[in-house]
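Protein chains in written order, with full-length UniProt numbering: chain A, 1 to 281; chain B, 1 to 334; chain C, 1 to 259.
Where is the CB? At the ideal position from N, CA and C, for every residue including glycine.
Quantities reported herein were computed from a predicted structural model and do not represent experimental measurements.
Input: a single structure, listed below in structure tokens.
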Amino acid sequence: MKRMNGMLLISIIPFIIFVLLFLFVPLFFMLYSSFQENGGTGFTFSQYMEVFRNTYYHQAFKNSMLISFFSSLIAITLAVFAAYSITLFSKKVQDRILVFANLTANFAGIPLAFAFIVILGNSGLFTLLFKHFGWDLLNSFNLYSWSGLVLIYVYFQLPLAVMLIYPVYQGIQAQWKEAAALLGASPSQFWLKIGVPIIMPSIAGTFSILFANAMGAYASAFALTGSAYNLVTIRIGAITTGDIFARPELGSAIATLLGLTMVLALLINEWLTRRIRRDLS
Amino acid sequence: MSFLTIEKIKKSFNNETVLHHLNLSIKEGEFVTLLGPSGCGKSTLLRTIAGLIHPDEGTIHIDGKNVTEVKPKDRQVGMVFQSYALFPNMTVQENIEFGLKMKKLDKESIKQNVARVIELVELTGKERSYPRELSGGQQQRVALARSLVTQPKVLLLDEPLSALDAQIRKNLQKQLRSIQQELNMTTILVTHDQEEAMAVSDYIYIMNKGHIAQSGSPHEIYTRPASEFVARFIGNYNVLSRKEISNLFNDDNGYTRDIYAIRPEAFSEAPVKDGYEITGKIQKMTMLGNITRYELEVNNVCFIADHLHKIEEDSQKRETITLYLNRKDVISLT
Amino acid sequence: MKKSFYHYITIGIVVLYLLIPLLGTFLYSFATSWHKTILPEGLTFKWYIELFGDIRFLESLGRSLILSLGATILTLIIMVPAIFSIILYAPKLEKIVQSLVVMTYAMPGIILAVGLIRAYSTSGVSMVLITIGAYFVGILPYMYQGTRNSLRNINAETLMEAAEILGASRYTAFIKVIVPNIMSGILVSSLLSFSILFGEFVLINLLVGGHFETVQIYLYQKLSQSGHIASAIVVCYFILISILSAVMIKMTRQKKETI
């Protein structure tokens, strides 16, 4: 047993207070209020019952999951190939591309939504350009529809995916490739038997981070059409602070369910990682 | 009859020549070492033999076949890397059978072959372990087994032991040598450790700056270094100029070359016939296990002399020592 | 080394995808009018002049700076000593901090916002202060990683032992030996935290809304009014995060060189 340490106590107490006040207290209040009647009168499951009964909220969860799944899938697919290509260039070029990815990773939310309005909105640059060449983009594509939102989600997922996947390839030693070649494996056999199994857990991990990132995203969709998209985060925002019709207890219940979804996604990822790489368990 | 022949191999990287038209020939079943300081081109030469590097000029023949343009996987060479390069996602068993699976051998013979090499490298019981669960020495033995199981014509070892502790390294050297002799495997080892080279090799090529500085059996190289570089690299040779030699022996006659080498253990305390008698001032005395090393000075020439340590010796109090040296042990260098 | 054309294509797709919206916005912020033609009808600085002439924008910029900077500094002061003590004197607690980090990852701003509203909106405490507290939680993962890595790099435990044997108290040793050595590493994670907070919209919008207009909220208001001015804001915002990134990269490189 170490003797009691004054420095430890003095430094750790404010930290604990802040974590309690701004992480655990709000979490507790959210949980508590999700089991309350409208207006906070008495214990009930009715908020959860409503979420489970109301197809509108089903739809919100379904939409959020679909857009998170597909935007993560597109981003990770592009990143898996691009990050590998990046590793083949000189160190200088690699650094530059990563700096660029790092920069654009910070470009999200309202500014990002606006940038897409500028290029693909109703009078966006590309919309005008295509119109000039006689192809009315708006007939087949609408930024304010789901396909537009997917484009925006892919944008903020892509740099994150590249930055997370790139170091994974650094973990593949050149000597593994040489050893495999000497033992008679072709490059595709190397990737199939060694390369992909080794990077798979990282790809799965990255996918779950991207998925959680997209599930929690709010600002871009909000900036594009206010509360028109039926996404979980948009619903929570609208119900909790809605001027017309605020139902914070219901919002708390939905937020709790969203949190559970994310925790579930992280757990599935962990389980998958163990299944894929027996040597890591 | 030469089993592996390398003729006029040249390789440059970025206009810098790393291998200068090298020639080597290796007999079947021979254990050959490429010895040299880092950057001398020994690893490049080994990787050229493996086919991982394509030479600018020259040819490589293995077992009578020109393999210069043959892909690594079709050369029938095995290679053990310094970092082991074990596949981390596979068990010991899976790592070892990888090469046989690539050859599409049937299940039964894969099983037999793998079991045989696992026994050979003494890893029985570790088949289902993953590389990271093994010690460094065990990992290295898996890497060796993985290369041996495909029955290569030549086994290439790229500093395979340099990442290991001294004790484990010594044991693995012995094991490596006995496995090599048991299988009569033509083997090329790359190392910068001259003791290791002396301990395991039939034949040594010493390399320096992309050239072969000297080649020969360990005994030849140790007793007759051909150049100052070799003398300095392989041991604690006293390397002395003509002037220093004549000061040391008080004898101008016959020493016409520029530079000479004398092994420290060539000095003896017992008089020798037809030799020199030298009395030197003891500058410093160091115990090196079973050897006592004297740093001596005679006529402003400093040199070292090694002696088997004797218990009754009480040289702490001695200030000078008289030693004898056979004329034959003064080696002229180029 | 030979690289097949294919590798240029994969990188090209990613770079173009990320670049085009930026370039479009950049051009638009300098365009006089751009409604029907392919290229802008003319170029002008008008929108930037108008933007920086708008007192509302300057005020919102000031609020954003104060809010982000304040939250970053507060987090710095509270977290660095805490992480330091935990790593050195109570390593068992580090597991708990790591689970906190995972928790904050799994808890997006929107969830935190709901909880904070339920907990504090009727408490009478200014919601701006509550937002700063929420930012503390939001940047916790980055600060934790940065502090931990810096401490590991300088071998903090040995340094502390050396300083204490030489007669320094723990506090003096921490202030005089540890802090100066981890400063550059911690500054990098502080800059990262600052640039994340500067772009934060969810918490400030839901917790405080229009009462405390930050740059992000100002931008949101402008979206429907003037596209050109909104572009100018986006460009300024992007330049700011570029500068911050450049400083961070430079500092990280310097650190590598000195080690």
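When you compare each of the options to residue i by their alpha carbons, which one comes out closest?
{"i": "residue 25/C", "options": "115/A, 30/A, 100/A, 42/A", "result": "115/A"}
{"i": "residue 219/B", "options": "210/B, 235/B, 228/B", "result": "235/B"}
{"i": "residue 237/B", "options": "249/B, 251/B, 260/B", "result": "260/B"}
{"i": "residue 274/B", "options": "133/B, 242/B, 330/B, 241/B", "result": "330/B"}
{"i": "residue 291/B", "options": "37/B, 304/B, 249/B", "result": "304/B"}
{"i": "residue 207/B", "options": "13/B, 22/B, 4/B", "result": "22/B"}
{"i": "residue 230/B", "options": "211/B, 243/B, 244/B, 247/B", "result": "211/B"}
{"i": "residue 77/A", "options": "197/A, 239/A, 162/A", "result": "162/A"}
{"i": "residue 52/B", "options": "182/A, 43/A, 271/A", "result": "182/A"}
{"i": "residue 64/C", "options": "158/C, 215/C, 129/C", "result": "215/C"}
{"i": "residue 113/A", "options": "231/C, 149/C, 251/C", "result": "231/C"}
{"i": "residue 138/B", "options": "151/B, 150/B, 123/B, 128/B", "result": "123/B"}
{"i": "residue 137/C", "options": "115/C, 125/C, 124/C", "result": "115/C"}
Is it the case that the CB of residue i approaches a heavy atom of the ligand ATP more closely than 7 Å?
{"i": "residue 300/B", "result": "Ligands displayed in this structure: none; no statement on the ligand ATP is therefore possible."}
In three-state terms, what does DSSP make of residue i?
{"i": "residue 79/B", "result": "strand"}
{"i": "residue 291/B", "result": "strand"}
{"i": "residue 296/B", "result": "strand"}
{"i": "residue 212/A", "result": "helix"}
{"i": "residue 244/C", "result": "helix"}
{"i": "residue 1/A", "result": "Because residue 1/A sits at a pLDDT of 37, beneath the cut-off of 50, its placement in the model cannot be relied upon, and the point is left open."}
{"i": "residue 280/B", "result": "strand"}
{"i": "residue 27/C", "result": "helix"}
{"i": "residue 205/A", "result": "helix"}
{"i": "residue 112/B", "result": "helix"}
{"i": "residue 90/B", "result": "coil"}
{"i": "residue 95/A", "result": "helix"}
{"i": "residue 258/A", "result": "helix"}
{"i": "residue 266/A", "result": "helix"}
{"i": "residue 231/A", "result": "coil"}
Expressed to the nearest angstrom, what Euclidean distance is found between the alpha-carbon atoms of residue i and residue j?
{"i": "residue 277/B", "j": "residue 29/B", "result": "46 Å"}
{"i": "residue 61/A", "j": "residue 231/A", "result": "7 Å"}
{"i": "residue 2/A", "j": "residue 213/C", "result": "Any reading at residue 2/A must be qualified, since the residue scores a pLDDT of 47, below 50, and its modelled position is unreliable; no value is offered."}
{"i": "residue 71/B", "j": "residue 207/A", "result": "37 Å"}
{"i": "residue 122/A", "j": "residue 21/A", "result": "45 Å"}
{"i": "residue 259/C", "j": "residue 289/B", "result": "Because residue 259/C carries a pLDDT of 46, less than 50, the predicted location of this residue cannot be relied on, and the following value inherits that uncertainty. Those two C-alpha atoms are separated by around 38 Å."}
{"i": "residue 145/C", "j": "residue 120/C", "result": "29 Å"}
{"i": "residue 55/B", "j": "residue 9/B", "result": "6 Å"}
{"i": "residue 29/A", "j": "residue 118/C", "result": "6 Å"}
{"i": "residue 228/B", "j": "residue 120/B", "result": "41 Å"}
{"i": "residue 67/A", "j": "residue 150/A", "result": "6 Å"}
{"i": "residue 270/A", "j": "residue 99/C", "result": "14 Å"}
{"i": "residue 104/C", "j": "residue 211/A", "result": "15 Å"}
{"i": "residue 247/A", "j": "residue 207/C", "result": "15 Å"}
{"i": "residue 180/A", "j": "residue 195/A", "result": "10 Å"}
{"i": "residue 143/B", "j": "residue 135/B", "result": "12 Å"}
{"i": "residue 17/C", "j": "residue 218/A", "result": "21 Å"}
{"i": "residue 41/B", "j": "residue 61/B", "result": "20 Å"}
{"i": "residue 200/A", "j": "residue 52/C", "result": "49 Å"}
{"i": "residue 264/C", "j": "residue 43/C", "result": "No statement about residue 264/C is possible, as the shown extent of chain C runs from 1 to 259 and does not include it."}
{"i": "residue 172/B", "j": "residue 11/A", "result": "52 Å"}
{"i": "residue 94/A", "j": "residue 86/A", "result": "6 Å"}
{"i": "residue 224/A", "j": "residue 117/A", "result": "8 Å"}
{"i": "residue 259/A", "j": "residue 34/A", "result": "13 Å"}
{"i": "residue 1/C", "j": "residue 38/B", "result": "Reliability fails at residue 1/C, whose pLDDT of 47 lies under 50, so the model's placement of it is uncertain and the value that follows must be treated cautiously. Residue 1/C and residue 38/B: Cα-Cα distance of roughly 24 Å."}
Ends of the beta strand (DSSP E) at residue i?
{"i": "residue 305/B", "result": "301 to 308"}
{"i": "residue 321/B", "result": "320 to 326"}
{"i": "residue 12/B", "result": "2 to 13"}
{"i": "residue 331/B", "result": "331 to 333"}
With residue i as the anchor, note down where its alpha helix (DSSP H) starts and where it stops.
{"i": "residue 87/C", "result": "55 to 89"}
{"i": "residue 110/C", "result": "109 to 120"}
{"i": "residue 176/A", "result": "174 to 182"}
{"i": "residue 146/A", "result": "146 to 170"}
I want to see whether chain E comes within less than 8 Å of residue i, judged by CB atoms only; does it?
{"i": "residue 163/B", "result": "In summary, chain E is missing from the structure at hand, where the protein chains are A, B and C."}
Next on the checklist: Quick check for students: name the residue ranges of the alpha helix (DSSP H) that lie wholly in the segment 196 to 271 of chain B, counting only runs of 4 or more.
Outcome noted: You should have 218 to 223, 228 to 234, 242 to 249.
Checklist entry - Which parts of the segment 15 to 67 of chain B are runs of the beta strand (DSSP E), unbroken and 3 residues or longer, counting only runs that do not cross its ends? => result Secondary structure remark: continuous beta strand (DSSP E) runs of at least 3 residues inside the segment 15 to 67 of chain B, in chain order: 16 to 27, 31 to 35, 57 to 62.
Item to check | Start-end ranges of the alpha helix (DSSP H) lying completely within the segment 137 to 197 of chain B, minimum 4 residues | outcome: If we require 4 residues or more, the alpha helix (DSSP H) runs fully inside the segment 137 to 197 of chain B come out as 166 to 183.
Checklist entry - Whole alpha helix (DSSP H) runs in the segment 97 to 140 of chain A with 4 or more residues, listed along the chain? => result For the segment 97 to 140 of chain A, the continuous alpha helix (DSSP H) assignments of 4+ residues that do not extend past its boundaries occur at 109 to 120, 125 to 132, 137 to 140, in sequence order.
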